[in-house]
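Peer 1: Residue numbers (full-length UniProt numbering): 1 to 116. Glycine residues also receive a C-beta, built at the ideal position from the N, C-alpha and C atoms. Below is one structure. I have some questions about it.
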Amino acid sequence: MVNTKIIADLPIELGIKRTYKGYFFLIAALELAITDQKNLLYMSKSIFPVIAARYGTTYSCIERNIRTAINACWNSPNREKLLTMSPYPLQKAPSVTAFIDILYWYLKNQEGGSLY
């Protein structure tokens, strides 16, 4: 199982500070993806509603705040780390679901191919 510190530190390494609400939503999304990889297939039905309920907010708020965090990463010098993590070339900031997917697979590869 991935250490929660590793999950929590990854956004920081990408220039996403804890001052962003999206930081916390992103951590929750990664934890849900790690709990069950199938959650990656339908994030709008399996991940975002769970996070929204946990934080007492809406699906759109979750997505918007994660998108803000992604833009912080994309507009920082740490973008290069994201570009090297991504299994495919990025010409623009990834979508919320693509970003979560990139981070999930990066974490999986860091753990020797197994998050379980």
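(1) Cutting at 6 Å between CB atoms, please list the residues of its own chain near T97, excluding the five before and the five after it.
(2) Measure the alpha-carbon distance for L14 versus N39 and round it to whole angstroms.
(3) Can you tell me which of L41, Y55 and Y59 puts its alpha carbon nearest to the alpha carbon of P49?
(4) Work out the CA separation of Y106 and K81 for me, nearest whole Å.
(5) Find out if the Cβ-Cβ distance for the pair F99, N65 is shorter than 8 Å.
(6) How about L103 and L32: are their beta carbons less than 8 Å apart?
(7) Just confirm the distance between the C-beta atoms of R79 and C73, as a whole number of angstroms; I'd bet it's less than 8 Å.
(8) Mapping the DSSP letters down to three states, classify N109 as helix, strand or coil.
Peer 2: Quick look at the numbers:
(1) Taken in chain order, the residues that qualify are M43.
(2) Cα to Cα, L14 sits roughly 23 Å from N39.
(3) Y59
(4) 11 Å
(5) No; because the gap between Cβ atoms is not below 8 Å, this pair is not in contact.
(6) no
(7) Going by Cβ atoms, the distance from R79 to C73 rounds to 7 Å, so yes, they are a contact pair.
(8) Correct three-state label for N109: helix.
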